[in-house]
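Q: Residue numbers for the sequence shown, in UniProt numbering: 1 to 396. Every residue, glycine too, gets a C-beta built ideally from N, C-alpha and C. There's a structure below that I have some questions on.
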Amino acid sequence: MFVLENAVRNYDWGSFDEIPRFVGSGVNSEPVAEVWMGTHSMDPSLVTHQDGTTQRLDEIARALPFLLKLLSARRPLSLQVHPDLPTAQEGYEREDAAGIPLDAPERTFKDPNHKPEMVYALSTFDTVVGFRPTAEILRVLAPLEAPLAQRLHDDLRANPGFAGIVRLVEWLLSEPIDPPEIDAVVQCCRDLLDQGLDIKRAYATALMIRQDFPNDPGVVISLLLNRLTLQPGEAAFLDTGVIHAHLRGLCLEVMATSDNVLRAGLTGKHLDPRGLVACLDVGMSRLARVTPQVVGVTTEIFDPGVGDFALAVTQCSRGEPDGVPLLDAPDRIVFCTGGEVELVNARDERLKVRRGEAVYAGPDDGSLRVYGTGEVAQAYAPQDRDALRSQLVDLV
Numbered sequence: 001m002f003v004l005e006n007a008v009r010n011y012d013w014g015s016f017d018e019i020p021r022f023v024g025s026g027v028n029s030e031p032v033a034e035v036w037m038g039t040h041s042m043d044p045s046l047v048t049h050q051d052g053t054t055q056r057l058d059e060i061a062r063a064l065p066f067l068l069k070l071l072s073a074r075r076p077l078s079l080q081v082h083p084d085l086p087t088a089q090e091g092y093e094r095e096d097a098a099g100i101p102l103d104a105p106e107r108t109f110k111d112p113n114h115k116p117e118m119v120y121a122l123s124t125f126d127t128v129v130g131f132r133p134t135a136e137i138l139r140v141l142a143p144l145e146a147p148l149a150q151r152l153h154d155d156l157r158a159n160p161g162f163a164g165i166v167r168l169v170e171w172l173l174s175e176p177i178d179p180p181e182i183d184a185v186v187q188c189c190r191d192l193l194d195q196g197l198d199i200k201r202a203y204a205t206a207l208m209i210r211q212d213f214p215n216d217p218g219v220v221i222s223l224l225l226n227r228l229t230l231q232p233g234e235a236a237f238l239d240t241g242v243i244h245a246h247l248r249g250l251c252l253e254v255m256a257t258s259d260n261v262l263r264a265g266l267t268g269k270h271l272d273p274r275g276l277v278a279c280l281d282v283g284m285s286r287l288a289r290v291t292p293q294v295v296g297v298t299t300e301i302f303d304p305g306v307g308d309f310a311l312a313v314t315q316c317s318r319g320e321p322d323g324v325p326l327l328d329a330p331d332r333i334v335f336c337t338g339g340e341v342e343l344v345n346a347r348d349e350r351l352k353v354r355r356g357e358a359v360y361a362g363p364d365d366g367s368l369r370v371y372g373t374g375e376v377a378q379a380y381a382p383q384d385r386d387a388l389r390s391q392l393v394d395l396v
């Protein structure tokens, strides 16, 4: 077993204190957005051996099919979509052939892999994700008397359904929208809220996003998206091709090993609106709450059934002197989400881990048990895809 040293990403939407306090390091001088745990080539985790030498995790473990992240959002992330496998492979090869460096700001495809993902909330976590049903979007837009909102309403009523919604997004991203048009929509949202009217939190969400991105068409696009709030311990699955923008909160993200993101707003990073719309055109993707399978009384299995990843969350206490077994898997990253625990492998090797620390355990470690009082989340690739698959409750 190896304690991991993990890469930190200091994006401007991150929190100054949430992740530092979670890992016990106090307030940071710059925003801390993500901590990466895994073998992705852009930022693999490191291990330190007993002799003091350091080695990349991808040199010790095989290339893991999953990537685990600790994520903290102080303000909205970019409006984005993740590609499916054929799109990622074609895009990666195209940008490689064009000679675009992997770390170039204009590079979209950092690897040839798809990127389905699952969000597991560690605090109240808010996001906008996936398109609302047509009838609900029409209900949201109808009371907004701004010309831009009425045009969207009339266009969708004439061309309802998923394809019609995608065309609205394409138009909003391709046509120059004057800031006063966006302001008029926002003012209508504010007026309706002052009157005590909000439909599925659409107007409050638009006002929230507008605080950071006043002239961005993503403010208007947010009216077309579901507002989802997860409470600590709840999870949601986002398949490839699902448009989303996380808003605020602390979570674990587990995903296929990829950093491919197509952005179209709410960010200063490189935008690829044409690529985003192309991903949406593939069709309706799975967006669902993940109802865990419970193993014994200590472990919840969040397995959306994609094969690349799953998450097992295990609680333990001193009332279990023999410890609690963790789910068996050849390669695991075990992240302590609460308290302080001790991991013991099949060779009786012991490793103490406190909240915010992560451990890699490989095939040679065999079965793991956890002792102490706390909680751990184990990221792994399911071996039997039908054994402990979670129930998915579609949001749309």
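1) Among all the DSSP beta bridges, which residues are the ones paired with residue 378?
2) So, for residue 26: in the same chain, excluding its five sequence neighbours on each side, which residues have a beta-carbon less than 6 Å away from its beta-carbon?
3) If you follow the beta strand (DSSP E) that residue 11 is part of, which residue opens it and which one closes it?
4) Is it the case that the region 249 to 269 contacts the region 60 to 68, given that we only count it when at least three CB pairs across the two stretches are under 8 Å?
5) Closer than 7 Å by C-beta to residue 160: which residues in its own chain qualify, once you throw out the five before and the five after it? Chain order, please.
6) Between residue 246 and residue 126, what straight-line distance do the alpha-carbon atoms span, to the nearest angstrom?
7) If I follow the unbroken alpha helix (DSSP H) through residue 181, where does it start and stop?
8) On a Cα-Cα basis, can you pick out the residue from 2, 24, 42 and 22 that is closest to residue 9?
9) When DSSP builds the beta bridges, which residues end up paired with residue 125?
10) Assuming residue 391 is part of the beta strand (DSSP E), what are its boundary residues?
11) Under three-state DSSP, which class holds residue 208?
12) In this structure, what does DSSP give as the bridge partners for residue 251?
13) In terms of alpha-carbon separation, which member of 229, 337, 335 and 366 lies closest to residue 344?
14) Once you ignore the five residues that flank residue 164 on each side, which residues in its own chain have a CB closer than 6 Å to its CB?
15) I need the straight-line Cα distance from residue 79 to residue 120, nearest angstrom please.
16) Which residues bound the beta strand (DSSP E) around residue 46?
17) Taking 8 Å as the cut-off, does the region 136 to 144 touch the region 285 to 293 (at least 3 CB pairs, one atom from each stretch)?
18) If you draw a straight line from the alpha carbon of residue 337 to that of residue 75, how long is it in whole angstroms?
19) Below 7 Å CB to CB, which residues in the same chain sit around residue 204 once its five sequence neighbours on both sides are set aside?
20) Measure the Cβ-Cβ separation of residue 238 and residue 132 and say whether it is below 8 Å.
21) Using the beta-carbon count (16 or more within 10 Å), is residue 154 buried or exposed?
22) Alpha carbon to alpha carbon, how far is residue 327 from residue 310? Give it in angstroms, no decimals.
23) Going by C-alpha distance, which of 15, 105, 85 and 109 is nearest residue 94?
24) At which residues does the alpha helix (DSSP H) containing residue 201 begin and terminate?
25) List the DSSP bridge partners of residue 340.
26) Going along the chain, which residues of its own chain have a beta-carbon closer than 6 Å to the beta-carbon of residue 329, five neighbours each way excluded?
27) Roughly how many whole angstroms lie between the Cα atoms of residue 218 and residue 266?
28) Hey, quick one: how far does the alpha helix (DSSP H) through residue 283 stretch, first residue to last?
29) Taking the beta strand (DSSP E) that residue 398 falls in, what are its first and last residues?
30) Please classify residue 12 as buried or exposed, where buried requires at least 16 other C-beta atoms within 10 Å of its C-beta.
31) Residue 370: which of 349, 280, 285 and 148 sits nearest, CA to CA?
32) Between which two residues does the alpha helix (DSSP H) holding residue 170 run?
33) Considering Cα atoms alone, identify which of 107, 72, 116 and 286 is closest to residue 395.
34) Is residue 361 buried or exposed, if buried means 16 or more other CB atoms sit within 10 Å of its CB?
35) Between which residues of its own chain and residue 128 is the CB-CB distance below 7 Å, once the five residues before and five after are set aside?
36) Nearest to residue 353 by alpha carbon, out of 170, 374, 208 and 364?
A: The relevant details are as follows:
1) 312 and 334
2) 20
3) No beta strand (DSSP E) holds residue 11; DSSP gives it neither H nor E.
4) yes
5) 134
6) 6 Å
7) 179 to 194
8) 42
9) 230
10) 391 to 394
11) helix
12) 71 and 121
13) 366
14) 156
15) 20 Å
16) 46 to 48
17) no
18) 23 Å
19) 193 and 198
20) no
21) exposed
22) 11 Å
23) 109
24) Taken as a continuous stretch (DSSP letters only), residue 201 belongs to no alpha helix (DSSP H), as it is neither H nor E.
25) 354 and 373
26) 380
27) 6 Å
28) Residue 283 -> no alpha helix (DSSP H), and no H or E assigned at all.
29) Any question about residue 398 goes unanswered here, given that the chain covers just 1 to 396.
30) exposed
31) 349
32) 162 to 174
33) 286
34) buried
35) 205, 222, 225, 226, 227, 244, 245 and 247
36) 374
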